[in-house]
Amino acid sequence: MFEQDAVVDKYRELASGLPPFPGRDRFRAHWRELAGLGVLNDTGDGWVTEAVARFEGLGLGGLDPGLCYGAASQLFGIQMPLRTLLSADRLALLDGTADGELLLCHASTEEGGGSDPLSCTTTATRLDDGSYRLSGRKAFITAAPVADRGLVFARTGEGRSPFALSAFLVDLDAPGVSRGAPEDKSALPGVPMGSLTFDGVTVPEDRLVLREGAGLTVMAATTACERALLLSYALGPMRRLLEDTVAWSADRRQFDRPMGASHQVAGRVADMAVRVHRCRELVYGMARRFDEGTAVRHLAHDAAMVKISVTEDHLRIAETAGMLAGVRAFIRDRAGFADLASALAGSVYAGPNDLLRVSVARGLGLPVGNH
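The numbering of the sequence shown is our numbering, which starts it at 7 and goes up by one.
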């Protein structure tokens, strides 16, 4: 086991040796540097909690949130669940992830949306030799412009049957795969996002995850892990905003007194501290439950609530910091910069919060559907 705060401090210091913002042309080099610090390791006692502490430290040290988001998304949303879903003889498909040589992406979303997986139009047709022919297009996929292998969800059955989808690990340099240009996005620009088109791509049978028709099972595992732990990347930026806001409020003088002497300002800063504390407790609490061996299927309900709570606290923290910092909140590379766009994006990725609320209500026993 390990001392959580010592890991946070260690990675905060290590962040100072990494480029603060990964350039598009050198993203893979920055990714390998990050992996070289052990950030993507997914083995050992207590590794989940330690991984959360690594990401918190890196963010606290000022490493680009987009790069941290991309790494956390791969580690928690793909590597971690696949370790439990792949058979022992197929775990080699994850070789190279820990050292940054293999970069993965989660390819489920399509142009029409991603919250309704059974609206998927990408198809995988089984051939006589047991392989599949994959055709379709995925959109808004984090890391798609640079990834080596994608966890791709495709239709292998008809209609809205819960067994209509299957999941495949597809090499993205295979004949018939093409990538769209990186999207020019305002939120988390440090990690590229783009589309993937599959034009009759041959996928070997051994790249099928679990079995044909198990796509929703795979997706449930990946999304639950991601919702529970992905926000570890945001803990550091939240704490930085709090630290910067405390320093600014103490030093900034208005009307012949420190700005922080105002009860209204002090109350807002205290609210920020409460939100930071709550977010850390929630994310680390989920990590400890994974480390204790709790099965992901038993954590899906709580993971949805953690994701809603932390993303909305993150946005409130950024909003409060922005109001107190004034124009400085909108200038990059200035203390007090509040990245409102990236904070707001949290309410959308890994499932929109409004739909997650429906899922939470259903878990409480209410007879509510997704429509």
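All C-beta atoms in this analysis are idealised placements derived from N, C-alpha and C, irrespective of residue type, glycine included.
The C-beta of D308 has 16 or more other C-beta atoms within 10 Å across all chains shown, which makes the residue buried. For the set G63, R32, P28 and G163, the Cα lying nearest the Cα of V45 is the one of G63.
Counting only runs of 3+ residues, the beta strand (DSSP E) found wholly inside the stretch 198 to 225 occupies 199 to 209, in chain order. In the structure shown, E107 falls within a coil segment according to DSSP collapsed to helix, strand and coil. Look at the beta carbons and you see the stretch 246 to 265 touching the stretch 328 to 336: at least three pairs across the two are nearer than 8 Å. Rounded to whole angstroms, A41 and N47 show a C-alpha spacing of 8 Å. The beta-bridge partner set that DSSP reports for Q260 consists of R263. One alpha carbon belongs to G68, the other to T131, and they sit about 46 Å apart.
If you draw a straight line from the Cα of S125 to the Cα of D15, it comes to about 45 Å. G52 has its alpha-carbon roughly 42 Å from the corresponding atom of A267.
Note on G206: under 16 other CB atoms within 10 angstroms of its CB, so exposed under the neighbour-count rule. In the DSSP assignment, L20 falls within the alpha helix (DSSP H) that extends over Q10 to A21.
When the alpha-carbon of R363 is set against those of T326, M311 and S348, the nearest one is in M311. When the Cα atoms are used, S167 and V224 turn out to be separated by approximately 15 Å. Rounded to the nearest angstrom, the gap between the Cα atoms of G200 and L73 is 15 Å. Contact between the stretch 185 to 196 and the stretch 263 to 277 is absent: fewer than three C-beta pairs spanning the two stretches fall below 8 Å. Closest in alpha carbon position to R322, among M292, Y290 and R281, is R281. Secondary structure of A145 (DSSP, three-state): strand. For L157, the three-state secondary structure derived from DSSP is strand. Nearest to S114 by C-alpha distance, out of A349, F336, D360 and L175, is L175.
For F174, the pairing in a beta bridge is given by DSSP as V158 and L214. The stretch 284 to 296 makes no contact with the stretch 208 to 228: fewer than 3 CB pairs, one atom from each, lie closer than 8 Å. Setting aside the 5 residues that flank it on each side, A367 is surrounded in the same chain by V374, each with a C-beta closer than 8 Å to its C-beta; the list follows chain order. In this structure, A324 is the residue among A324, C231 and T208 with its C-alpha nearest to the C-alpha of M244. Among the bridge pairs identified by DSSP, S184 is matched with T203. Here the alpha carbon of A149 sits roughly 15 Å from the alpha carbon of E116. Annotation for R322: the continuous alpha helix (DSSP H) segment containing it runs A306 to A331. In this structure the stretch 24 to 36 does not lie against the stretch 83 to 93, because fewer than three pairs of beta carbons, one per stretch, are closer than 8 Å. Between the beta-carbon of G156 and that of C111 there is about 5 Å, and that keeps the pair under the 8 Å contact cut.
When P358, P123 and L20 are compared, the shortest CA-CA separation from G219 is found for P123. Per DSSP, R340 is not a residue of any beta strand (DSSP E), being assigned neither H nor E. Under the three-state reduction of DSSP output, L361 falls in the helix class. By alpha-carbon distance to D177, the top candidate from L140, G186 and G165 is L140. Closest in alpha carbon position to T90, among R303, V316 and G357, is R303. According to DSSP, E116 shares a beta bridge with G119. By the CB criterion at 8 Å, N359 and S365 fall outside the cutoff.
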